[in-house]
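Under the numbering used here, the very last position in the sequence shown is 308; numbers go up by exactly one each time.
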Amino acid sequence: MSISKNKTKFIYMLCSAILGVFLGISIIFFMKMAVSGEGVQYLINENGNTYGSGADAPSYEEMPDLIRAMGTNGKEGYVYFKDLQGFIPNNPEEAVAYMIELEKTGFPSRFIPLYTQDGKTVIGEYEIATITGEAKEKLLKERNIP
């Protein structure tokens with residue numbers, strides 16, 4: 163009977179060790195998959211980019227690298243935050259020149275690539291449009307913005 167008890171103890175110890183290793187690996191895996199900041203958590207793709215909803219970001223500075231978006235083709239995917247930003251002037255003179263150019267061209271839409279979560283596979287495009295004229299006035303009125 164003593165051999166039977168030893169076998170049982172060995173089996174319990176072996177199972178416990180296997181379970182411990184499995185739990186340890188799982189915890190490490192999930193820690194690598196998520197980055198946490200001030201109350202926000204993003205997943206990380208295989209290329210090291212964070213991805214998720216921009217609505218989850220507590221501030222502009224804490225946006226994920228890839229932001230969830232819907233393309234002009236109706237597909238859901240991700241756009242790079244840096245692509246959304248577009249041109250960022252370095253000084254007031256550049257900002258004024260940029261705004262003058264936009265006014266001359268009628269504030270055209272800008273299109274940026276829409277990716278899968280890997281940030282490499284392009285699945286469509288995302289339109290960044292400027293609302294002007296009657297559409298702008300209607301939106302401001304609907305939202306009670308002077």
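Just so it is clear, CB atoms sit at the ideal spot from N, CA and C, and this is done for glycine as well.
Contact under 7 Å by Cβ, residue i with residue j
| i | j | result |
| --- | --- | --- |
| M232 | F243 | no |
| T234 | E287 | yes |
| L228 | G281 | yes |
| I274 | V241 | yes |
Residue i, enclosing alpha helix (DSSP H) - first and last residue
| i | result |
| --- | --- |
| E256 | P254 to T267 |
| F249 | Here F249 belongs to no alpha helix (DSSP H), and DSSP marks it neither H nor E. |
Residue range of the unbroken beta strand (DSSP E) whose run includes residue i
| i | result |
| --- | --- |
| A291 | A291 -> no beta strand (DSSP E), and no H or E assigned at all. |
| R230 | L228 to M232 |
Residues sharing a beta bridge with residue i, DSSP
| i | result |
| --- | --- |
| I206 | T212 |
| E299 | DSSP output for E299 lists no bridge partner at all. |
| E304 | Per DSSP, none; premise fails for E304. |
C-alpha distance - residue i paired with residue j, whole-angstrom precision
| i | j | result |
| --- | --- | --- |
| K303 | E296 | 10 Å |
| L246 | I290 | 8 Å |
| P162 | V202 | Past the edges of the chain, shown from 163 to 308, lies residue 162, and the structure says nothing about it. |
| V258 | N252 | 11 Å |
| E208 | R230 | 17 Å |
| G216 | F249 | 19 Å |
| K194 | G210 | Note that K194 scores a pLDDT of 45, beneath 50, so its modelled location is shaky and nothing firm can be said. |
| G199 | T278 | In this prediction, G199 has a pLDDT of 49, which is less than 50 and means its spatial position is unreliable; what the coordinates show is noted afterwards. The alpha-carbon atoms of G199 and T278 are separated by roughly 24 Å. |
Beta-carbon separation (whole angstroms), residue i vs residue j, contact threshold 8 Å
| i | j | result |
| --- | --- | --- |
| I285 | G239 | 5 Å |
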